[in-house]
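Student:
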Amino acid sequence: DAKTTQPPSMDCAEGRAANLPCNHSTISGNEYVYWYRQIHSQGPQYIIHGLKNNETNEMASLIITEDRKSSTLILPHATLRDTAVYYCIEGSARQLTFGSGTQLTVLP
Amino acid sequence: NAGVTQTPKFQVLKTGQSMTLQCAQDMNHNSMYWYRQDPGMGLRLIYYSASEGTTDKGEVPNGYNVSRLNKREFSLRLESAAPSQTSVYFCASSRGLDYGYTFGSGTRLTVV
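And the structure:
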């Protein structure tokens, strides 16, 4: 079973920031938080991952709370092409367990 | 740069038939994985290979076998297909622990 908790769906206006929350209260000290997304029926796409510190790349920012029990993925300027299911995953890269994710719909 | 290539893209099998799903990556990644995704659900790990020459079971290995043929290729075999194995199968690779995965585009398998 997936060890993270995410809202099943969210909407966001095009051009605005999308903030996707995730709870991972059982995460252990050496486990990373990974974010992936899946657009329609394509293969999942890696977005970002982090251990303790906040991370940023060309796609998104990842904010991890100090106690590491929750995190937020931020898409700074959402576009229609960002409509997808977003998965938050805790674990080692050896075995990632995908839950149900959050369906993000970006509205025009 | 193709990334992760899966063949075939679509397949229909009769119950009891066997087949092999092929996966190849051209990124010199050490680790490779096979997942299945059933309608409306997340991905579940079938088998993985942390490095060339090693394979390990994931969450749902029953009914499947794998072969890490070399660093580039990781195949998944169904010896006797069952309707419960109707699913979309994704192969992925990663540089190793602590790195993100690159996924293929999937094989859509129907067992009738």
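Just so you know, the sequences run in chain order G and Z. Just so we're aligned: 1504 in the working numbering is position 92 of the first sequence, and the numbers increase by one with no gaps anywhere. Just so we're aligned: 88 in the working numbering is position 9 of the second sequence, and the numbers increase by one with no gaps anywhere. All C-beta atoms, glycine included, are put in the ideal place defined by N, C-alpha and C. What you are looking at is a predicted structure, and each value in this text was computed from that prediction instead of being measured.
In three-state terms, what does DSSP make of residue 1549 of chain G?
Tutor: The structure shown does not extend to residue 1549 of chain G, since chain G spans only 1413 to 1520, so no value can be given for it.
Student: Would a check of beta-carbon distances place residue 1499 of chain G closer than 8 Å to chain Z?
Tutor: Interface residue, yes.
Student: Which chain Z residues are close to residue 1507 of chain G, counting only those with a beta carbon under 9 Å from its beta carbon?
Tutor: In chain order: 112, 124, 127, 135, 137, 138.
Student: Does residue 1515 of chain G come out as helix, strand or coil in the three-state DSSP assignment?
Tutor: Of the three classes helix, strand and coil, the one that applies to residue 1515 of chain G here is strand, per DSSP.
Student: Let me make sure I understand the geometry here. Which of Z:96, Z:101, Z:92, Z:140 has the alpha-carbon closest to that of residue 159 of chain Z?
Tutor: When each option's Cα is compared against that of residue 159 of chain Z, the closest is Z:96.
Student: Span of the beta strand (DSSP E) holding residue 103 of chain Z?
Tutor: From DSSP, the beta strand (DSSP E) with residue 103 of chain Z extends over 98-104.
Student: Which residues of chain G have a Cβ atom closer than 8 Å to the Cβ of residue 142 of chain Z, listed in chain order?
Tutor: Here the premise fails: no neighbours, minimum Cβ distance about 19 Å.
Student: Would you mind sorting residue 1451 of chain G into buried or exposed? The rule is 16 or more other CB atoms within 10 Å of its CB.
Tutor: So residue 1451 of chain G ends up on the exposed side.
Student: With a threshold of 8 Å, are at least 3 pairs of Cβ atoms found where one atom belongs to the stretch 1413-1428 of chain G and the other to the stretch 1455-1470 of chain G?
Tutor: No: the two stretches stay apart, fewer than three of their Cβ pairs being nearer than 8 Å.
Student: Which residues in chain G have a C-beta closer than 8 Å to the C-beta of residue 167 of chain Z? List them in chain order.
Tutor: The answer, in chain order, is 1453.
Student: Which residue's Cα is closest to the Cα of residue 164 of chain Z: Z:189, Z:146, Z:118, Z:182?
Tutor: The residue with the shortest Cα to Cα distance from residue 164 of chain Z is Z:189.
Student: Quick check on the burial criterion: 16 or more other C-beta atoms within 10 angstroms. Buried or exposed for residue 1514 of chain G?
Tutor: So residue 1514 of chain G counts as buried.
Student: Here's a check: name, in chain order, each residue in its chain whose Cβ is nearer than 8 Å to the Cβ of residue 1492 of chain G, leaving out the five neighbours to either side.
Tutor: Counting only Cβ-Cβ distances below 8 Å, and skipping sequence neighbours, we find 1426, 1518, 1520.
Student: Pick out whichever of G:1437, G:1418, G:1507, G:1422 has its Cα sitting closest to the Cα of residue 1478 of chain G.
Tutor: It is G:1437.
Student: According to DSSP, what are the bridge partners of residue 112 of chain Z?
Tutor: For residue 112 of chain Z, which the question treats as bridged, DSSP gives the partners Z:127, Z:171.
Student: Along chain Z, which residues have their Cβ under 9 Å away from the Cβ of residue 1512 of chain G?
Tutor: Within 9 Å Cβ-Cβ: 119, 120, 121.
Student: Any contact between the stretch 1495-1509 of chain G and the stretch 81-97 of chain Z? By contact I mean 3 or more CB pairs, one from each, below 8 Å.
Tutor: Too few Cβ pairs lie closer than 8 Å, so no.
Student: What does the alpha-carbon distance come out to for the pair residue 132 of chain Z and residue 175 of chain Z?
Tutor: When rounded, the distance between both Cα atoms is 14 Å.
Student: Thinking C-alpha only, which one of Z:156, Z:170, Z:130, Z:187 is nearest residue 149 of chain Z?
Tutor: Minimum Cα distance to residue 149 of chain Z is reached at Z:130.
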